[in-house]
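Below: the structure, in structure tokens.
In our numbering, the protein residues as written are 813 to 1072.
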């Protein structure tokens, strides 16, 4: 007899138990989101979120943007317009609208349409070229940053363009913090996985920066994702509902500024 169907039958026979578990989960979420205010980086005043494609800022970094946008000057730089399907102009506008929902002024959001940085799973981006583009942009927005936030070496989804941004980190002039990729076994378990990651990182005292969206912020994340209407195919609906990255984020310091 399969274990999972038997477990489901037991849950159906005990609706009160299911309700209690859901209530406990909700209380844990509320408790952690209330306490997380103590963890907001007070030393970050100007931050650049460096992404590869329009919708990265919502699908992977929304908990970070929510936490920072109210008292930090957040800039967004997306190194492509996601033009693999010829929708670059549409996606450029979707990017700005999504950032606006997340609380970032559209005037602080840019995307590039560089022939050397085109969207594609098999398109390899040069880390040194990326670093040069980013450094030029940093100068355009006024220089010194307290942090650059981007992907880790696994790139969350393993996308080659995501991984290339991480490879550029040692060549940048500001501290670089990378989004910690969840193990596959935990990546699509939604809120329970997000709470577990947040709590385990807190207990580990590993020096990471932790972010957990409140219920209202999660709703705003969903609204921001709706702005990427051109990308809302069936499997992205599944991602939005199941991915723990939509609920929480852990950032690790992976590179310090280059010596002057």
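Glycine residues also receive a C-beta, built at the ideal position from the N, C-alpha and C atoms.
Neighbourhood of residue i by C-beta distance below 7 angstroms, restricted to the same chain and skipping five residues each side
i, result
"residue 1034", "1052"
"residue 839", "With a pLDDT of 48 at residue 839, under the threshold of 50, the modelled position of this residue cannot be trusted, and the question is left open."
"residue 1000", "1054 and 1055"
"residue 881", "914, 915 and 916"
Closest by C-alpha distance to residue i, when choosing among the options
i, options, result
"residue 984", "949, 1060, 991 and 871", "949"
"residue 1087", "863, 1068, 1046 and 1057", "Since the first residue of the chain shown is 813 and the last is 1072, residue 1087 is not available in this structure."
"residue 917", "884, 1005 and 868", "884"
"residue 957", "1059, 935 and 856", "856"
"residue 1041", "1061, 870, 861 and 997", "870"
"residue 890", "1018, 882, 921 and 1022", "921"
"residue 955", "1062, 1061 and 858", "858"
"residue 967", "994, 946 and 952", "994"
"residue 868", "919, 1013, 904 and 881", "904"
Contacting residues, own chain, Cβ-Cβ under 8 angstroms from residue i (five flanking each side not counted)
i, result
"residue 944", "none"
"residue 932", "896, 972 and 973"
Beta-carbon separation (whole angstroms), residue i vs residue j, contact threshold 8 angstroms
i, j, result
"residue 942", "residue 976", "6 angstroms"
"residue 893", "residue 866", "7 angstroms"
"residue 861", "residue 898", "Not really, about 26 angstroms apart at Cβ, beyond 8 angstroms."
"residue 997", "residue 1023", "Actually they are not in contact, since the Cβ atoms of residue 997 and residue 1023 sit about 22 angstroms apart, beyond 8 angstroms."
"residue 878", "residue 1005", "Not a contact, Cβ separation roughly 18 angstroms."
Neighbourhood of residue i by C-beta, 6 angstroms cutoff - its chain only, sequence neighbours within 5 removed
i, result
"residue 1057", "872"
"residue 1064", "990, 992 and 1020"
"residue 982", "1067"
"residue 1036", "870, 910, 913 and 914"
"residue 988", "960, 981, 1066 and 1067"
"residue 979", "939"
"residue 965", "978"
"residue 1013", "1020, 1022 and 1062"
Would you call the region 1003-1012 and the region 957-972 touching, i.e. three or more CB-CB distances under 8 angstroms?
no
What are the complete beta strand (DSSP E) segments, minimum 3 residues, inside the region 1000-1028?
1021-1024
Would you call the region 892-909 and the region 1049-1065 in contact, with 3 or more CB pairs under 8 angstroms?
no
Contact between the region 869-879 and the region 1020-1032: three or more CB pairs below 8 angstroms?
yes
Check whether the region 918-932 and the region 957-969 are in contact - that is, three or more C-beta pairs closer than 8 angstroms.
no
In the region 970-1005, which residue ranges form an unbroken alpha helix (DSSP H) of at least 4 residues, counting only runs that do not cross its ends?
972-979 and 996-999
Any alpha helix (DSSP H) of 4 or more consecutive residues that is wholly inside the region 881-929
900-914
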